[in-house]
Every structure is written in C-alpha cells, then in structure tokens.
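Step one of this worksheet: look at the structure below.
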Amino acid sequence: MAALAAAAVLTVGAPAFAQEYSVNWLDSYDPDGITSGGIINGKDWYISTGETSQVWSIDGEIIFSGLIGSETDADWERFFNALGIGTATTERAIEDSSETNTRISTRTLVMNIANRAATLARAVRGTSLAQGGGLSDDEGGASLTGLAGGDIGEWAIGRFGIWADGSGTMFSDRTSSDDFWGNQLSFMGGADYRYTDRFMVGAGLGFERVEVDFKSNRTRLVTYINTTLYGAYLVTDSISLNAFGSYAPGLNSMHWAAGDGEGFMSHRFITSGNVAYNNAFDRVTTNAFAGLSYSYETFDSYENNGGTTIEPDDSQLAQVYASGDVGYMFETDGGALEPFVSARLEYDFVSEGNNDRFGSVLGGGVRAIWTEGLFVEAFGNTEVARSDESATSFGLNMRVQF
C-alpha cells in the first residue's frame, strides 16, 4: 500500500524521472481512500488497488496491471506518454512546435528579401512607388532614392540602403501529440549595397522570441539570433532572382507550471531561392514571387529535473510556394499611399509533423511614402487552408534609402 501511495503523489518511491511531472500530477490529485484519480492533459486517469495488486487506467484503457511495487521505469514511461507528458511526447512536442515556428520564420525571411530584391526593378525603371512601380516622377509622385531609384553618384549615394522589420504572430496547432498555441515576435534589420544597376548584396541581423504553451501545462521558450546573407540579380526590368541563407542559434527552455525550466541549445538553418516579378500598370501595382525553401533545426539533448535524458530528433521543412499582391496607388500631399491585398500558396514536400501539406495565407495592408527616402509598410495576414492549426501575423516594415 505504501508503494502505491508514494507512486500516486510522485514524491517518494517513484522513479527519479517521475519527479519531472509532480507539479502537473499534484494539481489534479484527488485521493479517495486507496483509489486515486483525476484529469491530466484532458485525460481521465484512475489507479485502483487491492491488498496486493493494482490497476492503472487512462480514459478507461488499462495501462498497467500487476503487484504493488512491481512497476518498472518502462511502465511509468508508458503511463506518462499515454497522458501526453512523458519523454517521447516531450521530444515530439519540441519537434512539432519547431516546425510551426520555422514555417512562420521562413515566410518572414522570404518576404523581407523579396522586398529588397524588388528595389532593383524600381531602380532601373526610376518609378516612384515603393513596391513595384507606379506614378513616375513627372506624374507628380514622391520619388524614392537609392536602391529604389535615382542616379548613381558617389560610392554610397544611390547605392546604399538600410531597412528594419518587426512582426508578431499568434499560432495554434492541434495536430501534435501535445496540442500547443503561442506567439512569436520577430525583429530584423539589415543593409544592402547595389554594385551595378542589376546586382545587389546585403546582410541582416534578427531577433526572435517564441513562447509555446502546451496542453500538458508546460511552456517552451526560445530566443533566436539570426544572421542572414542575401543577394539579388535583375534579369529584365521586371523579373529578378534572389537567394538567401540564414543561421540562428536558439536558446531553449522547457518549463512546467511551477519550478525551474531545463535549458538546451538548438541550431536552425534556412535557405531559399526565388524568382520575382514586379511591375505597375498606371496606378495598379503587381508583385509576385515563387520559389523553394529548406530549413533544418538540430537540438542538443538535455536532462530534465528527474534526470531523464530528452533527445529531440532533428526537424526539417522544405516548401514550394508562390505569393503575390495587387495594390492601387493614391497620391498624397508630398507622398503616396498604396493599399494592397495579398495571397500565398505553399506546399510542404518535406515535413516531420502531422500537419496538412498544403497551406495558404491571405492578407493585406498599406504602403506609404511619407518623405523622400522613407518607406513604411503595415500588413496583416492569416493562414486559412490547414486544418486544426492557425497562424495570424501583423507587422511593420520600414526602409530608408540613401
């Protein structure tokens, strides 16, 4: 009897690694004589004992039946995994949430670099609209300088640009073995240099903060610092090629509702290649790109508070996608304003999760030129095609040209 009582409250007599789940267990522990039960992670658990034997069940299914004190570490692990809080489900939760977060990060990076590549087309045409063209200078529009247009002067004038981007995303996923939801904040800045009218290179430095809450009452926190190198080449006045590579070390931690978290490192790599089209027809603007992306994230192993080693598998995601937007430009006093609508289609041809392979994102926003050389874009979008998961983003992009 003592062995069962100790096991039920997970304090004395349980395997060392069982201490990892003590807070979660005790939150729902409701002893009733020699029979215990409660709800963990939305699942009913029940332990019934006789004088010498015991039966463990979850949602009416028997997980273990045997003599009191005869349970092994493997029995405990099977019981915890069935509740969605064991080692295997912990590893899977890290892997699944990583893929969701990487999908969001890839979209952000691809859009940032596509925006920068579009400046080559604007520079050659000398148009005034900040994204893809629009009213020319002699039509009264606000002229952009630097990469967006203007004559090349000294080594920096007309060649150098800096930019910054910030966005936030709320997401959820109910396809994982441990359902999760959370938020992701991203800030990135960069600079690029136009060597000729048709070739540009640049670099960016970014910060990402991810918070993931799981149904099992635990939280994953990640801080990424990413470094990105990119380049673009203008094939025609409207068609360009661009590519980038990005590396981000991640500082991860897993926390229960109370108690210290366990820290571990991850290493994320993202690369992408795209072909883009940017043009304007009077006041109507069109921007589109299509490409391939590949991401790979590795995780260091770590020991949880109970001494069990957690070893998540590597996570990888490869996508083919197409994205575009259509806008209409209005003149303002000394500037221009362009509302737009956007759509993105994507297909995961390499994926480690249980998510739908096909996805789409719909959105819109507004672009504005307020002063010469300053361009601002505000946008929002939401994922609409994948079942049992969602991602909604809002962001602000600012570019300064010299």
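First residue of the sequence shown? That's 16 in the numbering used here, and the numbers climb one at a time after it. For each residue, glycine too, the CB sits at the ideal point set by N, CA and C. If you're wondering where the values come from, they're calculated on a predicted model, not measured in any experiment.
Buried versus exposed, by CB contacts within 10 Å (16 or more), residue i
i	result
Asn-396	buried
Phe-373	exposed
Arg-401	buried
Thr-142	Per-residue confidence for Thr-142 stands at a pLDDT of 48, beneath the threshold of 50, marking its modelled position as unreliable; the derived number appears in the next sentence. Per the 10 Å Cβ criterion, buried.
Ala-295	buried
Pro-264	exposed
Ile-78	buried
Tyr-239	buried
Gly-75	exposed
Gly-410	buried
Thr-251	exposed
Glu-169	Low local confidence applies: a pLDDT of 49 at Glu-169 is under 50, so the model's placement there is unreliable, with the coordinate-based value given in what follows. Result: exposed.
Ala-129	buried
Val-227	buried
Asp-47	In this prediction, Asp-47 scores a pLDDT of 41, lower than 50, which makes its location untrustworthy; no coordinate-derived value is stated.
Gly-349	exposed
Ala-89	exposed
Thr-64	buried
Pair within 8 Å by beta-carbon distance, residue i and residue j
i	j	result
Glu-398	Asn-412	no
Gly-181	Ala-206	no
Val-225	Val-216	no
Gly-288	Ala-258	yes
Val-341	Val-356	yes
Arg-382	Glu-353	yes
Arg-235	Ser-112	yes
Gln-334	Asp-363	yes
Ile-351	Ala-133	Looking at the sequence itself, residue 351 is Ala, so the reference to Ile does not match. Not a contact, by the Cβ cut-off of 8 Å.
Glu-318	Asp-329	no
Ser-281	Phe-314	yes
Thr-115	Asp-188	yes
Gly-306	Tyr-343	no
Ser-338	Ile-325	no
Gly-183	Met-203	no
Lys-230	Phe-195	yes
Phe-390	Gly-380	no
Ser-191	Arg-118	no
Tyr-248	Leu-256	yes
Thr-323	Thr-87	no
Arg-174	Arg-209	yes
Asn-293	Ser-268	no
Collapsed DSSP secondary structure at residue i in the structure displayed
i	result
Asn-127	helix
Glu-106	helix
Asp-188	strand
Asp-111	helix
Ser-120	helix
Asn-96	helix
Gly-161	Summary for Gly-161: the model assigns pLDDT 30, below 50, so the residue's position carries little reliability, and this model does not support an answer.
Asp-297	coil
Asp-90	helix
Ala-218	strand
Ala-400	coil
Asn-39	A caution first: Asn-39 carries a pLDDT of 40, below 50, which makes its placement in the model unreliable, though a value can still be read off. Residue state, collapsed to three classes: helix.
Arg-414	strand
Ser-143	Because the pLDDT at Ser-143 is just 44, under 50, the model does not fix this residue reliably, and the value given afterwards should be weighed accordingly. Three-state DSSP puts Ser-143 in coil, outside helix and strand.
Asp-152	Per-residue confidence for Asp-152 stands at a pLDDT of 38, beneath the threshold of 50, marking its modelled position as unreliable; the derived number appears in the next sentence. Note: Asp-152 maps to helix in three-state DSSP.
Bridge partner(s) assigned by DSSP for residue i
i	result
Glu-226	Asn-198, Leu-236
Phe-409	Gly-183, Gly-395
Gly-327	It should be noted that the sequence gives Pro, not Gly, for residue 327. Looking at the DSSP assignment, Pro-327 forms no beta bridge with any residue, so it has no partner.
Ala-263	Arg-283
Glu-346	Ala-351
Gly-368	BP columns for Gly-368 are empty, so no partner.
Ile-384	Ala-351, Phe-390
Gly-84	For Gly-84, which the question treats as bridged, DSSP gives no partner whatsoever.
Expected contact under 8 Å - CB spacing of residue i and residue j to nearest Å
i	j	result
Arg-131	Trp-178	7 Å
Ser-120	Glu-223	7 Å
Thr-243	Leu-124	7 Å
Gly-197	Phe-214	That pair is no contact at about 40 Å.
Ser-85	Val-70	Ser-85 to Val-70, Cβ: 12 Å. No contact.
Thr-104	Asp-193	5 Å
Ile-62	Ala-97	So it is not a contact: roughly 13 Å between Cβ atoms.
Glu-110	Glu-367	6 Å
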